[in-house]
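Protein chains: 2
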Amino acid sequence: MQIRAAVLEEFGAPLAVQELELAEPKAGEVLVRLVACGVCHTDLYTASGADPSGYSPTVLGHEGAGVVERVGDGVTDVAPGDHVVTLFSPQCRECEHCRDHRTNLCLAIREQQNQGQLPDGTTRLSRDGEPIRHFMGTSTFAEYTVMPEIALAKIDPEAPLDRACLFACGLSTGLGAAMNTAKVASGSTCVVFGAGMVGLGAVAGCRLQGAERIVCVDLSEDRLALAIGQGATDTFVGGAGAVQQILDMTGGFGADYTFEATGNVNVMRQAVESARMGWGLATMCGVAGKGETLDIVPRFLITGRRVAGSSFGGVKGRDQVPQFVDMYLAGDIDVDAFVSHKLTLDEVNRGFELMEAQDGIRSVIDFA
Amino acid sequence: MQIRAAVLEEFGAPLAVQELELAEPKAGEVLVRLVACGVCHTDLYTASGADPSGYSPTVLGHEGAGVVERVGDGVTDVAPGDHVVTLFSPQCRECEHCRDHRTNLCLAIREQQNQGQLPDGTTRLSRDGEPIRHFMGTSTFAEYTVMPEIALAKIDPEAPLDRACLFACGLSTGLGAAMNTAKVASGSTCVVFGAGMVGLGAVAGCRLQGAERIVCVDLSEDRLALAIGQGATDTFVGGAGAVQQILDMTGGFGADYTFEATGNVNVMRQAVESARMGWGLATMCGVAGKGETLDIVPRFLITGRRVAGSSFGGVKGRDQVPQFVDMYLAGDIDVDAFVSHKLTLDEVNRGFELMEAQDGIRSVIDFA
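As you go down the protein sequences, you meet chains A and B in turn. Just so you know, numbering that gives the first Met the number 0 puts 296 at position 297 of the first sequence, and the rest follows in order with no gaps. Just so you know, numbering that gives the first Met the number 0 puts 70 at position 71 of the second sequence, and the rest follows in order with no gaps.
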């Protein structure tokens, strides 16, 4: 079939919305009609050429939600008409990692996905007979996509898809960092560095875990206001004095849990140094620049702090994304506040511009 | 009373064994007659002047074991004749940290101890009427010492004190890193970097936790042979290729638990990078040089590795040191293998020389 999609032709240049061919789903694959897709920093990171593993041409986009149109042989978990959220982090339920409660890093199709291929080593996307590689196994800046069944989370059809799509990446990453990776204990003190999509998700996750005090640190007063809406009890504008400010707020000890959601290694270091002596856990959610390192004075570790990281919030997507969507429908997560702009597919580059201008939290492409 | 003690007069110079005055124990304090004391790297670290918080003159020594001679008012937990191990890391059982299972960093007397004073802000040591500061709250390179009751672990009198003293620092640090900090799970794969006292203790701790595979990495074949005696299943001589070697041994994944027991920040980094994707925990036990940092590529964290640190192995000393001694008496820990040299107090500087020459694991001063 012919579809319209936003193609990364050249790093650093705007995406080109054009017609491509999309082949029918093979065994274990699903054809999804996209209804909505968030524009995420990872798309921009690859489009800019900063990602050393990036390639072109490819169809970007990974924060998608839509409706199952057709399924290939052997697909049993979803059927035409089902509402789904796309998962760049699949869950095969069979590999060593899927069977282990400690990690969500499914091993089933990592290699092929990293090379821009579907699990059988080929692509469904093409242009004039030439294969076009998939991106993150999703390629959701498009009217339709073909994805493996194991990379789709079936959700309650009551959920508006222009909200549900945010659970495909940023929001789940933040929620999961607090709920899965850190497993925030009720009554604790948390600090979240960064009030973008991931940081705000982490604030919400800390609140849902019953944290008593949630401090959010960001450079923007507007975003800090959103953090209060998600449950932050204290906020302040960050900078070089942030660690001391947190120590002052916590009797000199630091916070039980800190979260870094900026990708800035200096902020990561602040997250480590403001974690509590004795048992503080600093969880890194952001993706750092190439070659950058988080430099830790070992004394902070020896005196009882721990450091962890989180990919997609430790979320096993097929199991937990539907649960998150249910929590949204139950009124426990205020997703509406995150959608700052609605765009058409043709306006996808505007989404990148808004992100670079730090205007709003999330632009969502509406395919309707 | 007059006692003989090894005094740090000047950084970088040999300790001077001389006569000092030791006052009677005050309320909550205990006079201990030392029987044995290990010579530990931390003593040398301070003697050399490398420790930025070091001071002189002071009586060094902290890996002590002896017999209670007299007790001050209100002391209820030990009585004359009891055998005790000295604790540089006390356990008051009342502070916020002592009442919390997550940390052993007792807060009761930290400030005074760091300043070389007993809890009431004075010293019991003096010379010609001038106060001499205590070291680590212990000052066990001496025939007698006065220490707070909360810093003494009462042990089974059957245990030879020239073995029991090793539980005062290095051995407990290694055992506890595996048993308390990492809580090694049975059947897992562990890697221990460094086969000194702490690393060998960590090997023993991993064995006691039921690890299936324990890889020890060191630069000395002799020490690696000792590691096998403590339960290591594989050993190799370390270096730049150590991470790759561990990945090759673990199907490309890395180890469930890694331990760093060298104090070298480059080895710390290897411990992080050889921990398993998904859930590997890297535990730092060594004390790094001033100004040095452990530099972590955040990708290692994002893909599921965690980093922790351990001070005195997370051991709550009054509770757990007696248990360790019981395990030794039951034959579960081979302490004899660690005692490579016996010295008199007058030979204390020889202990430092042996350490610098990396000759043996532990020199123990015998006061008998």
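For glycine and all other residues, C-beta sits at the position ideal for the given N, C-alpha and C.
Could you pull out every residue in the same chain whose Cβ sits closer than 6 Å to the Cβ of residue i, ignoring the five residues on either side in sequence?
{"i": "residue 206(A)", "result": "230"}
{"i": "residue 185(A)", "result": "209"}
{"i": "residue 104(B)", "result": "96"}
{"i": "residue 327(A)", "result": "334"}
{"i": "residue 351(B)", "result": "43"}
{"i": "residue 62(A)", "result": "36, 37, 39, 164, 167, 168"}
{"i": "residue 200(B)", "result": "170, 173, 174"}
{"i": "residue 282(A)", "result": "176, 180, 181, 258, 307, 309"}
{"i": "residue 241(A)", "result": "216, 269"}
{"i": "residue 211(A)", "result": "186"}
{"i": "residue 338(A)", "result": "361, 363"}
Start and end of the alpha helix (DSSP H) containing residue i?
{"i": "residue 248(B)", "result": "241-248"}
{"i": "residue 45(B)", "result": "40-47"}
{"i": "residue 351(B)", "result": "347-355"}
{"i": "residue 172(B)", "result": "169-175"}
{"i": "residue 226(A)", "result": "220-229"}
{"i": "residue 330(A)", "result": "That residue, residue 330(A), is in no alpha helix (DSSP H); it is neither H nor E in DSSP."}
{"i": "residue 268(B)", "result": "264-272"}
{"i": "residue 161(A)", "result": "160-163"}
Is there a Cβ from chain A that is less than 8 Å from the Cβ of residue i?
{"i": "residue 297(B)", "result": "yes"}
{"i": "residue 61(B)", "result": "no"}
{"i": "residue 248(B)", "result": "no"}
Please return the same chain residues whose Cβ sits closer than 8 Å to the Cβ of residue i, not counting the five positions on each side in sequence.
{"i": "residue 93(B)", "result": "107"}
{"i": "residue 142(A)", "result": "2, 3, 4, 32, 33, 344, 366"}
{"i": "residue 70(B)", "result": "24, 28, 29, 30, 77, 78, 79, 148"}
{"i": "residue 276(B)", "result": "252, 253, 302, 303, 304"}
{"i": "residue 285(B)", "result": "193, 197, 259, 260, 261, 262, 263, 266, 267"}
{"i": "residue 47(A)", "result": "10, 11"}
Suppose contacts are defined by Cβ-Cβ distances below 8 Å. Is residue i in contact with residue j by that definition?
{"i": "residue 194(B)", "j": "residue 225(B)", "result": "yes"}
{"i": "residue 112(B)", "j": "residue 136(B)", "result": "yes"}
{"i": "residue 140(A)", "j": "residue 84(A)", "result": "no"}
{"i": "residue 170(B)", "j": "residue 334(B)", "result": "yes"}
{"i": "residue 192(A)", "j": "residue 296(A)", "result": "no"}
{"i": "residue 60(B)", "j": "residue 166(B)", "result": "no"}
{"i": "residue 325(A)", "j": "residue 155(A)", "result": "yes"}
{"i": "residue 228(B)", "j": "residue 204(B)", "result": "no"}
{"i": "residue 321(A)", "j": "residue 153(A)", "result": "yes"}
{"i": "residue 280(B)", "j": "residue 131(B)", "result": "no"}
{"i": "residue 160(A)", "j": "residue 65(A)", "result": "yes"}
{"i": "residue 126(B)", "j": "residue 21(B)", "result": "no"}
{"i": "residue 308(A)", "j": "residue 300(B)", "result": "yes"}
{"i": "residue 16(B)", "j": "residue 56(B)", "result": "no"}
{"i": "residue 347(A)", "j": "residue 332(A)", "result": "no"}
{"i": "residue 53(B)", "j": "residue 41(B)", "result": "no"}
Where does the unbroken beta strand (DSSP E) through residue i begin, and where does it stop?
{"i": "residue 215(B)", "result": "212-217"}
{"i": "residue 97(A)", "result": "From DSSP, residue 97(A) is part of no beta strand (DSSP E); its letter is neither H nor E."}
{"i": "residue 17(A)", "result": "15-21"}
{"i": "residue 36(B)", "result": "28-37"}
{"i": "residue 70(B)", "result": "62-70"}
{"i": "residue 298(A)", "result": "Careful: residue 298(A) lies outside any beta strand (DSSP E), inside the alpha helix (DSSP H) at 297-301."}
{"i": "residue 4(B)", "result": "1-7"}
{"i": "residue 305(B)", "result": "305-308"}
Step through the CB atoms of chain B and report whether any lies within less than 8 Å of the CB of residue i.
{"i": "residue 174(A)", "result": "no"}
{"i": "residue 276(A)", "result": "yes"}
{"i": "residue 267(A)", "result": "yes"}
{"i": "residue 104(A)", "result": "yes"}
Quick one: residues in its chain with C-beta nearer than 7 Å to the C-beta of residue i, no 5 flanking neighbours on either side, listed in chain order?
{"i": "residue 245(A)", "result": "190, 214, 253, 254, 273"}
{"i": "residue 67(A)", "result": "29, 31, 77, 78, 79, 80, 81, 83"}
{"i": "residue 291(B)", "result": "264"}
For chain D, check one thing: does any of its Cβ atoms lie closer than 8 Å to the Cβ of residue i?
{"i": "residue 224(A)", "result": "Absent from the structure is chain D; the protein chains it does hold are A and B."}
Give, in chain order, every residue of the region 284-309 of chain A whose Cβ lies closer than 9 Å to some Cβ of chain B. 284, 285, 286, 287, 290, 291, 292, 293, 294, 295, 296, 297, 298, 299, 300, 301, 302, 303, 304, 305, 306, 307, 308, 309
Listed from N- to C-terminal order along the chain, which residues in the region 251-264 of chain B have their beta-carbon within a distance smaller than 8 Å of any beta-carbon of chain A? 264
Using Cβ-Cβ distances below 9 Å, what residues of the region 87-102 of chain B are close to chain A? 95, 96, 99, 101, 102
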